[in-house]
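2 protein chains.
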Amino acid sequence: MQDLHHLVVVGGGFGGLQLVNSLKGAPLRITLIDRRNHHLFQPLLYQVATTVLATSEVAWPIRHLYRHRAEVTTLLDEVVGVDPVAKTVQLGGGGTVAYDTLVLATGATHAYFGHDEWEPVAPGLKTLEDATTIRRRILLAFERAELSSDAAEREALLTFVIIGAGPTGVELAGIIAELAQRTLPEEFRHIDTRQAKVILVEAGPRILAAFSEPLSDYARRSLEKLGVEVRTGVPVTACTAEGVTIGDTFVPSRTLVWAAGVQASPAARWLGIPCDRAGRAIVGPDLSAPGIADVFVIGDTASVIQEDGKPVPGIAPAAKQQGTYLARLIRARLSGRPAPGAFRYWHQGSLATIGRRAAIIEFGKFKLKGAFAWWLWGIAHIYFLIGTRSRFAVAWSWLWIFLSGQHSARLITQRETIQQRESREGP
Amino acid sequence: MQDLHHLVVVGGGFGGLQLVNSLKGAPLRITLIDRRNHHLFQPLLYQVATTVLATSEVAWPIRHLYRHRAEVTTLLDEVVGVDPVAKTVQLGGGGTVAYDTLVLATGATHAYFGHDEWEPVAPGLKTLEDATTIRRRILLAFERAELSSDAAEREALLTFVIIGAGPTGVELAGIIAELAQRTLPEEFRHIDTRQAKVILVEAGPRILAAFSEPLSDYARRSLEKLGVEVRTGVPVTACTAEGVTIGDTFVPSRTLVWAAGVQASPAARWLGIPCDRAGRAIVGPDLSAPGIADVFVIGDTASVIQEDGKPVPGIAPAAKQQGTYLARLIRARLSGRPAPGAFRYWHQGSLATIGRRAAIIEFGKFKLKGAFAWWLWGIAHIYFLIGTRSRFAVAWSWLWIFLSGQHSARLITQRETIQQRESREGP
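Structural data, given as structure tokens:
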């Protein structure tokens, strides 16, 4: 076993897992390192943040996924550097791991465009902790409004601002609006939750820019029907504990969510290779790190420009395709066969939901919107979940919400009580 | 509505909820105050700590439970005092709430018998956060053992000590042993999780002292069959980050769980009335606070000695019976009818599980043990859960574990990484 070629994969996201999955049976030892013990199904994370799903329904312990693959070792540790000469990876715990081939699939996090001071007041949504933080803030805002006797304060508490109108921003805005309009009204005695304002801000000219204009327009109208105020073409210029400045207009709000920018992991810095503006390592057409032997970079932390000049988008299907491609390339190298040609991304289509009853789907020329698209979206997502148990659990949660209109995962947890938050963030 | 008699209930545990439920239709305004937004099904909390259930399967937002009862107002706030002369309750947020009748059902927390410094290294199990903390520690111990190259360190990491052998301690020990013996072995490459030691320590002469001796013996043998080391008749004399001292013997361990003592909430102090050693307010035979008009104390924070001299035990069924009794008493007072006689506790029986296949049940003379008892235990607990959704979800989780042997809720969350814990608690 020790004599086998040793592949080290850093990152158990969509790209890393697809690579390891596709290498089943290859003559390799594989070490998969992640600083989390779980793979996260990012596309549904917004549902954890908005009380629809529980954390365990969108995340799976990585080592459990590979329990039957004896050649795969899972390490829970943080990578802090790479030594391409010694061919080792440095771990935060102090150890090092030697590799024959290294694949960095370390993903991305939110970017605040040079305004990192906005993060505490406008958290992004990348991890399970982010999701429970946002869930707690949304629920606490309603609770504090119920307790408040000051009308201006109550209005600020009942104003929710989502910054960035990609799929995550749109999905968050839709569900928060539904929560306020349909789920919560009968539970409060001093406030009318239907008075809550949900504002979706987008600096670009339209929401869901990855979709064609008619679908993007449809999504906007659907959101507005749910009561969401959509403001496009105007950037956010300040975020504070008191509210947000949209262009020149200050909007008092106690709950901001950041769904705008993306910053790649420091993979390019570890390797000392050039990166693009978002910090993504610029890799060759075969996803290799230029000038560094046996190192590849895939997923959201890689910048790949295809032969036709088009960049590969930073989405889950692209990362998975890169994982599959790299598995083929590694198998070819191991067996001395010629390597496959350059990586080519195949766009399978785009999906987004708006609230509980509408979705938009675009597969090339095929376009679909409305309730039927919503069902297709749901079925597709259940299909992509890992394991029978999760599929049943998520299907049950959705069916329950669909039938009863009641969200179940509405727990305020972590040691931040209603008073602590007040004292930290000002009244 | 404002002219109606105003009942304030503090605490949304078993006692408080039962009281509010039993007062349905009574000519009252009710305000229910809790510092958590959820009711917690404590008897299953150990299953959250041991990766069997998700947090949202054992907790429900309180205000959701009373959405159809317009006369019930739910407040998320912490009570910090009572003024029995002005007849008001002081809230941590600064406000006060006036009452006509006040019921304190504020429960209890763990007690460390004057050793509060043990709490950080030996957390108890009372809240959802406690459960996720213990779950994280258990899972991180295995992860760190997998990374460690030091044999002594590995042994300490794979030693789990549960202090206190009541139902919670026994249930925790059983499930941790099963996790190590059956669920985890095939997922690790450098350690054999079956080498893990689970030690259950009890200062008293036997485990599950509430049960008769034959059942208590059976439980002990069942635990030992699962690989749990049971040590009775010997107290814990020290807990540190390095391990635990049991009598005079030091046992290196990185994961301690406290399931021993109980300390009542400060209800007696708020009222300035006498309390017992555990801090429970000593109340009259009708659960009233002696010498204070219109104030009652129920559940784990009340000490009730019945006419036959027997104390009422601090368990969920007793709290619920007190809630029902007090509802009758309040209805009688409102309508000018004579008050019911003294509160009498009716012991319905005791249940405890040992691991995944055995349980013991004792209803007076009726005794049952083994697999059939386990099924009865499961059905009884599903019956007592709140709401169709949770019953289905828990039944599905249990069925899945029963069929597949795989626990699903194995997520390490909260911002305590493997390194942070090391640096905080020493290597």
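Protein chains in written order, with UniProt numbering: chain A, 1 to 427; chain B, 1 to 427.
No residue lacks a Cβ here, since even glycine has one placed at the ideal position from N, Cα and C.
Nonlocal neighbours in the same chain, by C-beta distance under 6 Å from residue i, ignoring five residues either side
| i | result |
| --- | --- |
| residue 198 (chain A) | 160, 173, 176, 177, 228 |
| residue 377 (chain B) | 351, 353, 359 |
| residue 171 (chain B) | 46, 353 |
| residue 238 (chain A) | 245 |
| residue 355 (chain B) | 174, 178, 226 |
| residue 102 (chain B) | 8, 295 |
| residue 16 (chain A) | 9, 105 |
| residue 381 (chain B) | none |
| residue 188 (chain B) | 146 |
Residues that residue i contacts on chain B, provided the C-beta gap is smaller than 7 Å
| i | result |
| --- | --- |
| residue 153 (chain A) | By Cβ distance, chain B contributes nothing, its closest Cβ being about 12 Å from residue 153 (chain A), past 7 Å. |
| residue 139 (chain A) | 37 |
Residues near residue i in its chain [Cβ-Cβ closer than 7 Å; skip 5 each side]
| i | result |
| --- | --- |
| residue 327 (chain B) | 19, 22, 23 |
| residue 93 (chain A) | 77 |
| residue 346 (chain B) | 321 |
| residue 243 (chain B) | 156, 250, 251, 252, 253 |
Reference residue i; option with closest CA among the options
| i | options | result |
| --- | --- | --- |
| residue 46 (chain B) | B:338, B:134, B:115 | B:134 |
| residue 351 (chain B) | B:310, B:168, B:108 | B:168 |
| residue 393 (chain A) | B:30, B:57, B:193 | B:57 |
| residue 35 (chain B) | B:43, B:7, B:166, B:75 | B:75 |
| residue 7 (chain B) | B:330, B:119, B:139, B:44 | B:330 |
| residue 148 (chain B) | B:305, B:111, B:191 | B:191 |
| residue 65 (chain B) | B:44, B:38, B:15 | B:38 |
| residue 263 (chain A) | A:50, A:10, A:125, A:72 | A:125 |
| residue 428 (chain A) | A:242, A:193, A:302 | Only positions 1 to 427 of chain A appear in this structure, which leaves residue 428 (chain A) out of reach. |
| residue 401 (chain B) | A:131, A:183, A:383, A:390 | A:390 |
| residue 95 (chain A) | A:280, A:128, A:80 | A:80 |
| residue 266 (chain A) | A:113, A:317, A:108 | A:108 |
| residue 97 (chain A) | A:31, A:110, A:153, A:241 | A:31 |
| residue 293 (chain A) | A:130, A:40, A:85, A:240 | A:85 |
| residue 186 (chain A) | B:49, B:14, B:42, B:63 | B:63 |
| residue 256 (chain A) | A:110, A:121, A:395, A:54 | A:121 |
| residue 196 (chain B) | B:61, B:141, B:165, B:83 | B:141 |
| residue 275 (chain A) | A:259, A:261, A:303 | A:303 |
Within chain B, the residues that residue i reaches when beta carbons sit closer than 8 Å
| i | result |
| --- | --- |
| residue 54 (chain A) | 54, 55, 56, 57 |
| residue 338 (chain A) | The contacting residues do not exist; residue 338 (chain A) stays about 33 Å from chain B at best. |
| residue 73 (chain A) | 189, 190 |
| residue 143 (chain A) | 37, 76 |
Buried or exposed by the 16-neighbour rule on C-beta atoms within 10 Å, applied to residue i
| i | result |
| --- | --- |
| residue 310 (chain B) | exposed |
| residue 403 (chain B) | exposed |
| residue 369 (chain A) | buried |
| residue 385 (chain A) | buried |
| residue 221 (chain B) | exposed |
| residue 71 (chain B) | buried |
| residue 143 (chain A) | buried |
| residue 277 (chain B) | exposed |
| residue 68 (chain B) | exposed |
| residue 420 (chain B) | Low confidence applies to residue 420 (chain B): its pLDDT is 40, below 50, so where it sits in the model is not reliable, and the reading given next is rough at best. Per the 10 Å Cβ criterion, exposed. |
| residue 379 (chain B) | exposed |
| residue 305 (chain B) | exposed |
| residue 388 (chain B) | exposed |
Partners in chain A for residue i, counting only beta-carbon separations shorter than 8 Å
| i | result |
| --- | --- |
| residue 67 (chain B) | 186, 187 |
| residue 63 (chain B) | 187, 188 |
Amino acids of chain A, ordered along the chain, whose beta-carbon sits closer than 9 Å to that of residue i
| i | result |
| --- | --- |
| residue 431 (chain B) | The structure shown has nothing for residue 431 (chain B), since chain B only spans 1 to 427. |
| residue 178 (chain B) | Result: empty, since nearest Cβ-Cβ is about 15 Å, beyond 9 Å. |
| residue 396 (chain B) | 389, 392, 393, 396 |
| residue 123 (chain B) | Per Cβ cutoff of 9 Å: no residues; residue 123 (chain B) is ~12 Å from chain A at best. |
Cut-off 8 Å between Cβ atoms - residues of its own chain near residue i, not counting five sequence neighbours on either side
| i | result |
| --- | --- |
| residue 212 (chain A) | 362, 367 |
| residue 215 (chain A) | 208, 360, 362, 367, 369 |
| residue 27 (chain A) | 4, 5, 334 |
Chain-ordered neighbours of residue i on chain B, where CB pairs are closer than 9 Å
| i | result |
| --- | --- |
| residue 256 (chain A) | Within 9 Å Cβ-Cβ: nothing; residue 256 (chain A) doesn't reach chain B, min ~20 Å. |
query = Contact between the segment 245-256 of chain B and the segment 266-284 of chain B: three or more CB pairs below 8 Å?
reply = no
request  = Check whether the segment 231-241 of chain A touches the segment 202-219 of chain A, taking contact to mean three or more Cβ pairs, one atom from each stretch, closer than 8 Å.
outcome  = yes
message = I'd like to know if the segment 367-384 of chain A and the segment 324-339 of chain A are in contact, where contact means that at least 3 CB-CB pairs between them fall below 8 Å.
response = no
inquiry  = Assess contact between the segment 311-319 of chain A and the segment 284-292 of chain A, defined as three or more Cβ pairs (one per stretch) separated by less than 8 Å. Is contact present?
reply    = They do not touch, by the three-pair rule.
inquiry  = Using a Cβ distance threshold of 8 Å, determine whether the segment 81-99 of chain B contacts the segment 279-286 of chain B, with at least three qualifying pairs required.
reply    = no
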